[in-house]
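The sequence shown finishes on residue 160 if you use the working numbering, and the numbering steps up by one all the way, no holes. Every residue, glycine too, gets a C-beta built ideally from N, C-alpha and C. Below: the structure, in structure tokens.
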Amino acid sequence: MAIATRLGLGAWLGTTVAIVGCRGTDDGTMLSPYLAIGDALAHDGVEPLAELAPQVAQAARASAGQPGVEALAAGASRLADQDLAAARATFRRMSTGMIEYLRAHPDQQAGLTIVHCPMTFGGKGGLWVQPQGKVMNPYEGSRMLHCGDPLDWSAELPST
Numbered sequence: 001m002a003i004a005t006r007l008g009l010g011a012w013l014g015t016t017v018a019i020v021g022c023r024g025t026d027d028g029t030m031l032s033p034y035l036a037i038g039d040a041l042a043h044d045g046v047e048p049l050a051e052l053a054p055q056v057a058q059a060a061r062a063s064a065g066q067p068g069v070e071a072l073a074a075g076a077s078r079l080a081d082q083d084l085a086a087a088r089a090t091f092r093r094m095s096t097g098m099i100e101y102l103r104a105h106p107d108q109q110a111g112l113t114i115v116h117c118p119m120t121f122g123g124k125g126g127l128w129v130q131p132q133g134k135v136m137n138p139y140e141g142s143r144m145l146h147c148g149d150p151l152d153w154s155a156e157l158p159s160t
């Protein structure tokens, strides 16, 4: 099933993002494949990561030196061959980078929100970026799919 269908991303991103095979996400940005990775993890999947991670890494090279990009690139370079638990931990580090990047580029925040789940990672919590709307937790997936609180972009972020 296409992410665009499931989350309404097609209209929002102006692109079709498919979780099966993940074709159509390689639009040259870090954001589209990052969001697709988050969706795959929220649905307890790792299969799409092998295709999506290099897309993030390639786009990160084009944005080298900008805030958060190093964390995104480092995570993307390790993500493709990980099991679900390791992929979620890596995505947590990537999310820190994506939040930093988007805070430095407010023109790219439209339609997106930062979400915080205080219960994940043994109560340490986790932050991620996703489209506004129903919370889809990439760290807990089917265990606590909708656990998380949307935060404003200008909010002080909880430590995780």
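Check, Outcome
"Anticipated Cβ contact below 8 Å, threonine 90 with leucine 102, distance rounded", "In fact, because the Cβ distance is near 19 Å, the residues do not count as touching under 8 Å."
"Member of Ala40, Leu72, Glu140 and Ala87 whose CA lies at the smallest distance from the CA of methionine 119", "Glu140"
"Helix, strand or coil at glutamine 130 according to DSSP, with G and I counted as helix", "strand"
"Distance CB(glycine 163)-CB(glycine 97) smaller than 8 Å", "Given that the chain is displayed from residue 1 to residue 160, the structure contains no residue 163 and the question cannot be resolved."
"8 Å Cβ cutoff met for leucine 35 and glutamine 130", "yes"
"Assigned secondary structure, leucine 145 (DSSP; H/G/I helix, E/B strand, else coil)", "coil"
"Backbone secondary structure at leucine 7 - three-state DSSP", "Here the model assigns leucine 7 a pLDDT of 38, short of 50, so the residue's position is not dependable and the matter cannot be decided."
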